[in-house]
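Right, one structure below, let's go through it.
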Amino acid sequence: MNLTAHLFEAVLKCPTKYWLRARGEAGSGNEYADWFRSQNESYRTDASKRLLASQPPHECAASAPDPAALKTAKWRLAVDVDLAAPFREAESQSRDPGRPSPPQSEISNLRSQIPTPTHASLANVLLPEGMSGGTPPDSIRTAETSALQSRLHALERLPAEGRGKPAQFVPIRFIFRNKLTKDDRLLLAFDALVLAEALGREVNLGKIIHGDDHATLKVKTAALAGEVRKRLEKIAALLSSPAPPDLVLNRHCPECEFRDRCRQKAIEKDDLSLLAGMSEQERQKLRSKGIFTVTQLSYTFRPRRRPKRQRDKREKYHHSLKALAIREKKIHIVGSPELKIEGTPVYLDVEGLPDRDFYYLIGLRIGNGDSAVRHSLWADTVEDEGKIWREFLAILDTVEKPVLIHYGRYETTFLRRMSERHGNPAERSVAATGIASPVNLLSVIFAQIYFPVSSNGLKDTAGFLGFTWANADFSGLNSVAWRHRWEELLDGTTKVKLLTYNAQDCEALSLMTDRVGQLVGQLVAESSTQSGGAHVVHADAEQFHAKSKWRAFISPVNGFEKINAAAHWDYQRHRVYARSATAAKRAAPPHPRSLRPEQAQLVIVWPASHGCPKCQRKVRSKATKKSTTVHDIVFGRHSLKRRVVKHVFRTYHCRQCRVDFGMEERFRLFRQYGWNLVAYLFFQLVELNIPQLTVVRHFNRLFRFDRSTSTLNNMKTRVTGYYGETKQRILEHIIRGRLVHADETRANSKGKTGFV
Numbered sequence: 011m012n013l014t015a016h017l018f019e020a021v022l023k024c025p026t027k028y029w030l031r032a033r034g035e036a037g038s039g040n041e042y043a044d045w046f047r048s049q050n051e052s053y054r055t056d057a058s059k060r061l062l063a064s065q066p067p068h069e070c071a072a073s074a075p076d077p078a079a080l081k082t083a084k085w086r087l088a089v090d091v092d093l094a095a096p097f098r099e100a101e102s103q104s105r106d107p108g109r110p111s112p113p114q115s116e117i118s119n120l121r122s123q124i125p126t127p128t129h130a131s132l133a134n135v136l137l138p139e140g141m142s143g144g145t146p147p148d149s150i151r152t153a154e155t156s157a158l159q160s161r162l163h164a165l166e167r168l169p170a171e172g173r174g175k176p177a178q179f180v181p182i183r184f185i186f187r188n189k190l191t192k193d194d195r196l197l198l199a200f201d202a203l204v205l206a207e208a209l210g211r212e213v214n215l216g217k218i219i220h221g222d223d224h225a226t227l228k229v230k231t232a233a234l235a236g237e238v239r240k241r242l243e244k245i246a247a248l249l250s251s252p253a254p255p256d257l258v259l260n261r262h263c264p265e266c267e268f269r270d271r272c273r274q275k276a277i278e279k280d281d282l283s284l285l286a287g288m289s290e291q292e293r294q295k296l297r298s299k300g301i302f303t304v305t306q307l308s309y310t311f312r313p314r315r316r317p318k319r320q321r322d323k324r325e326k327y328h329h330s331l332k333a334l335a336i337r338e339k340k341i342h343i344v345g346s347p348e349l350k351i352e353g354t355p356v357y358l359d360v361e362g363l364p365d366r367d368f369y370y371l372i373g374l375r376i377g378n379g380d381s382a383v384r385h386s387l388w389a390d391t392v393e394d395e396g397k398i399w400r401e402f403l404a405i406l407d408t409v410e411k412p413v414l415i416h417y418g419r420y421e422t423t424f425l426r427r428m429s430e431r432h433g434n435p436a437e438r439s440v441a442a443t444g445i446a447s448p449v450n451l452l453s454v455i456f457a458q459i460y461f462p463v464s465s466n467g468l469k470d471t472a473g474f475l476g477f478t479w480a481n482a483d484f485s486g487l488n489s490v491a492w493r494h495r496w497e498e499l500l501d502g503t504t505k506v507k508l509l510t511y512n513a514q515d516c517e518a519l520s521l522m523t524d525r526v527g528q529l530v531g532q533l534v535a536e537s538s539t540q541s542g543g544a545h546v547v548h549a550d551a552e553q554f555h556a557k558s559k560w561r562a563f564i565s566p567v568n569g570f571e572k573i574n575a576a577a578h579w580d581y582q583r584h585r586v587y588a589r590s591a592t593a594a595k596r597a598a599p600p601h602p603r604s605l606r607p608e609q610a611q612l613v614i615v616w617p618a619s620h621g622c623p624k625c626q627r628k629v630r631s632k633a634t635k636k637s638t639t640v641h642d643i644v645f646g647r648h649s650l651k652r653r654v655v656k657h658v659f660r661t662y663h664c665r666q667c668r669v670d671f672g673m674e675e676r677f678r679l680f681r682q683y684g685w686n687l688v689a690y691l692f693f694q695l696v697e698l699n700i701p702q703l704t705v706v707r708h709f710n711r712l713f714r715f716d717r718s719t720s721t722l723n724n725m726k727t728r729v730t731g732y733y734g735e736t737k738q739r740i741l742e743h744i745i746r747g748r749l750v751h752a753d754e755t756r757a758n759s760k761g762k763t764g765f766v
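Here the working numbering is used: the first residue of the sequence shown is 11, the next is one more, and so on.
Following this line, the structure appears as structure tokens:
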């Protein structure tokens with residue numbers, strides 16, 4: 011079978027696309043795919059004429075050159091050069107890309123020894139599914155012998171650099187896009203490989219002429235030859251297999267002419283690739299477990315109780331929960347999504363040409379309901395982009411507390427780039443405040459609200475909530491084709507279509523925001539409730555945990571329920587025990603060792619105080635002696651010692667104020683611990699920034715205590731109250747100063763992030 015550049019381009023995107031093109035199947039109507047193909051063809055024609063006009067006529071080939079006469083050619087430039095070269099799978103697999111190619115004479119000798127297959131022998135080769143033995147030989151699948159074919163867009167011949175050296179040939183490919191991809195370079199490398207096989211020598215350089223400015227990019231094709239050969243080996247493996255490749259939906263599907271056909275097949279199979287965002291590695295892992303469909307995946311979801319330290323972090327995305335939502339056709343909520351709109355909602359949707367980084371339409375919808383105001387800011391040319399940006403800022407300035415709401419990262423990039431290109435709004439203006447804190451509704455939904463649709467796209471989620479677009483072809487890709495068509499024809503109908511599509515996107519975003527706000531406001535406590543006509547399930551609810559753990563086994567295959575029930579009989583029989591003695595009591599878990607009062611190792615007698623601290627009156631009446639025995643730390647010059655210390659106080663009673671004094675307040679805070687011990691602990695916490703758990707473990711190990719972190723928490727509360735007056739005086743002193751240096755320190759407490 012002939013491996014053409016058209017088929018090679020298909021295998022770069024998707025194996026199924028290659029398979030369908032190889033069988034000659036025609037794709038169903040995809041407006042973007044048709045436009046893309048016609049755009050490439052027209053650009054190729056115009057670029058060929060432009061390139062020929064840049065060269066002297068006598069240096070250009072008058073017609074398509076004969077491939078056999080390339081080595082003796084005298085022209086400098088040729089266009090539409092058809093080339094073909096034999097290619098064998100064994101040769102491609104054995105050749106090392108990093109090793110130089112063998113001499114052409116050896117290749118020719120080897121090729122001469124290989125018999126050319128006859129038509130009769132080709133008839134016995136395995137044919138594609140659905141093809142008969144009467145199929146022409148050029149469409150037969152064979153991994154033994156294949157022909158590489160390519161029509162080079164242009165071919166440049168460079169004269170020899172010296173005597174005895176051959177002329178160099180540089181393949182040229184035309185691509186209408188301004189931004190190139192890796193696949194574009196691989197296509198040029200494929201052209202270079204075909205040219206190298208036809209010439210019998212290496213082709214190290216190629217050129218890509220692309221974009222509106224016809225920029226030229228030089229590509230070292232020799233560096234890509236190894237990867238091209240690997241893709242050709244993949245094609246050979248596809249050809250040698252009697253079955254078509256596994257159908258997998260990917261990011262290229264919206265641009266493909268077989269989009270509708272493949273999606274219908276995937277829906278019939280209930281394929282895992284229907285779930286947008288699932289990687290190939292994730293699918294392979296699920297398949298290794300025997301999970302091949304979305305329905306099977308839906309039964310694997312198990313809610314997990316998150317640790318307190320992680321409750322403040324975003325929940326990861328669960329494909330199994332998405333599958334469960336699709337199967338039950340209910341909205342599922344995880345965690346506590348938040349959506350705060352404190353002001354006037356301004357729904358933003360932007361249309362642009364990503365290939366040019368050009369934004370031509372800014373759609374706004376201000377307010378909700380019938381009173382909403384709509385704006386459509388249109389740019390005819392790139393020069394008008396700055397004008398619609400200034401109009402956008404002027405509209406925001408007229409709105410009271412505007413809150414920009416958009417869907418996805420495209421608008422986030424738009425705000426950043428337009429601010430860089432055309433200037434930020436005036437500082438502290440209403441527009442500046444609105445642009446500084448936009449709300450991305452998709453980030454609120456992602457991994458927290460699971461709609462029963464295959465993706466989180468606006469068209470899918472809003473469609474589930476009942477919104478319908480005026481035209482089923484409305485999409486971001488088609489809008490790119492419509493904008494180019496408008497620029498070519500200045501067609502008013504196309505412009506109206508773009509304005510309608512943009513306005514309806516804003517309206518759908520308004521509906522989505524309203525419904526998500528309702529869900530966030532309710533945060534259903536029960537396992538399910540009714541919200542706007544759609545069932546909602548809170549996946550964190552206790553009822554969901556109980557319901558999802560054990561449920562009746564239901565199978566679509568008759569008889570499987572009885573087989574499942576019978577599988578428990580042996581287990582139940584072997585689990586019957588006859589008790590021969592009383593059950594042994596379980597050992598009680600060890601409790602923290604309590605601090606029992608011990609004999610004092612150190613006695614401290616505090617001096618008497620004869621004056622009342624409140625009225626300063628001398629007091630003569632004595633109260634009884636009081637003492638408290640605590641576990642404390644004694645600070646030595648080079649040591650810390652744990653001691654049992656007894657503090658003795660002489661207390662007094664003031665008859666005028668009726669208060670007792672003589673014992674400091676800090677000795678009343680703790681009954682078991684001395685003040686030196688408390689000060690030592692808080693020195694490590696505050697001054698040395700050691701984590702609380704580490705401080706407690708270190709303290710228990712050094713001084714043979716058995717305390718927990720809760721003890722330290724109680725100490726914190728009491729010490730905070732003791733130093734409350736000191737803290738207030740410090741704050742007052744700071745306020746009286748002329749300069750304040752402020753800083754924030756992030757802290758995590760019980761899973762919640764705060765600032766000190």
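Where a beta carbon is used, it is the ideal one built from N, C-alpha and C, also for glycine.
{"Asked": "Where does the unbroken beta strand (DSSP E) through residue 592 begin, and where does it stop?", "Found": "No beta strand (DSSP E) holds residue 592; DSSP gives it neither H nor E."}
{"Asked": "Counting Cβ pairs closer than 8 Å, one from the stretch 353-363 and one from the stretch 492-512, do we hit at least three?", "Found": "yes"}
{"Asked": "State buried or exposed for residue 148, treating a residue as buried only when at least 16 other CB atoms are found within 10 Å of its CB.", "Found": "Bear in mind that the predicted position of residue 148 carries a pLDDT of just 38, short of 50, making it too unreliable to give a figure here."}
{"Asked": "Any contact of the stretch 305-313 with the stretch 324-333, i.e. 3+ C-beta pairs under 8 Å?", "Found": "yes"}
{"Asked": "Which word fits residue 402, buried or exposed, when buried means at least 16 other C-beta atoms lie within 10 angstroms of its C-beta?", "Found": "buried"}
{"Asked": "With DSSP collapsed to three states, give me the class of residue 795.", "Found": "With the chain covering only 11 through 766, there is no way to say anything about residue 795."}
{"Asked": "Counting only runs that start and end within the stretch 211-274, where is the alpha helix (DSSP H) found for 4 or more residues in a row?", "Found": "235-250"}
{"Asked": "For residue 548 versus residue 343, is the C-beta distance shorter than 7 Å?", "Found": "yes"}
{"Asked": "Where residue 119 and residue 59 are concerned, what is the direct C-alpha to C-alpha distance, given to the nearest angstrom?", "Found": "Because residue 119 carries a pLDDT of 44, less than 50, the predicted location of this residue cannot be relied on, and the following value inherits that uncertainty. One C-alpha to the other measures close to 41 Å."}
{"Asked": "Run the CB neighbour count on residue 166, radius 10 Å, all protein chains shown included, and call it buried at 16 or more, exposed below.", "Found": "buried"}
{"Asked": "Let me check one thing: in DSSP terms, what residues is residue 653 bridge-paired to?", "Found": "642"}
{"Asked": "Let's see if you can read the secondary structure: which residues bound the alpha helix (DSSP H) around residue 713?", "Found": "702-713"}
{"Asked": "Mind the definition here: the stretch 693-710 touches the stretch 637-651 only if three or more C-beta pairs lie below 8 Å; say whether that holds.", "Found": "no"}
{"Asked": "Is DSSP giving residue 664 helix, strand or coil here?", "Found": "strand"}
{"Asked": "Thinking C-beta only, is residue 349 closer than 7 Å to residue 530?", "Found": "yes"}
{"Asked": "By DSSP, does residue 370 sit in helix, in strand, or in coil?", "Found": "strand"}
{"Asked": "Are residue 398 and residue 404 touching if we call contact CB-CB under 7 Å?", "Found": "no"}
{"Asked": "Give the secondary structure of residue 81 by DSSP, where H, G and I count as helix, E and B as strand, and everything else as coil.", "Found": "coil"}
{"Asked": "Run the CB neighbour count on residue 27, radius 10 Å, all protein chains shown included, and call it buried at 16 or more, exposed below.", "Found": "buried"}
{"Asked": "Do you know whose CA, among 55, 765, 678, lies nearest residue 731's CA?", "Found": "678"}
{"Asked": "Could you tell me the alpha carbon to alpha carbon distance between residue 253 and residue 193, rounded to whole angstroms?", "Found": "26 Å"}
{"Asked": "Answer with buried or exposed for residue 283, where buried requires no fewer than 16 other C-beta atoms within 10 angstroms of its C-beta.", "Found": "buried"}
{"Asked": "What first and last residue would you give for the beta strand (DSSP E) that runs through residue 178?", "Found": "178-185"}
{"Asked": "In angstroms, rounded to a whole number, what distance separates the CA positions of residue 689 and residue 667?", "Found": "32 Å"}
{"Asked": "Where residue 636 and residue 743 are concerned, what is the direct C-alpha to C-alpha distance, given to the nearest angstrom?", "Found": "38 Å"}
{"Asked": "Could you please give me the residues that DSSP links to residue 281 through a beta bridge?", "Found": "303"}
{"Asked": "Measuring straight from C-alpha to C-alpha, what distance separates residue 186 and residue 65?", "Found": "21 Å"}
{"Asked": "For residue 162 versus residue 176, is the C-beta spacing smaller than 7 Å?", "Found": "no"}
{"Asked": "What does a CB cutoff of less than 8 Å around residue 496 pick up in its chain, not counting 5 residues either side in sequence?", "Found": "504, 505, 508"}
{"Asked": "For residue 423, list the residues DSSP reports as bridge partners.", "Found": "Looking at the DSSP assignment, residue 423 forms no beta bridge with any residue, so it has no partner."}
{"Asked": "So, with DSSP's three-state summary, where would you put residue 154?", "Found": "Its pLDDT being 42, under 50, residue 154 is placed unreliably by the model, and the measurement read from it follows with that caveat. Here residue 154 sits in coil by DSSP."}
{"Asked": "The ligand FAD and residue 614: does any heavy atom of the ligand fall closer than 6 Å to the residue's C-beta?", "Found": "The model depicted lacks the ligand FAD and carries no ligand whatsoever."}
{"Asked": "Any idea which residues DSSP pairs residue 398 with across the strands?", "Found": "Per DSSP, none; premise fails for residue 398."}
{"Asked": "Grouping DSSP H, G and I as helix and E and B as strand, with all else coil, what is residue 494?", "Found": "helix"}
{"Asked": "With 16 as the cutoff for other CB atoms within 10 Å, does residue 18 come out buried or exposed?", "Found": "buried"}
{"Asked": "State buried or exposed for residue 565, treating a residue as buried only when at least 16 other CB atoms are found within 10 Å of its CB.", "Found": "exposed"}
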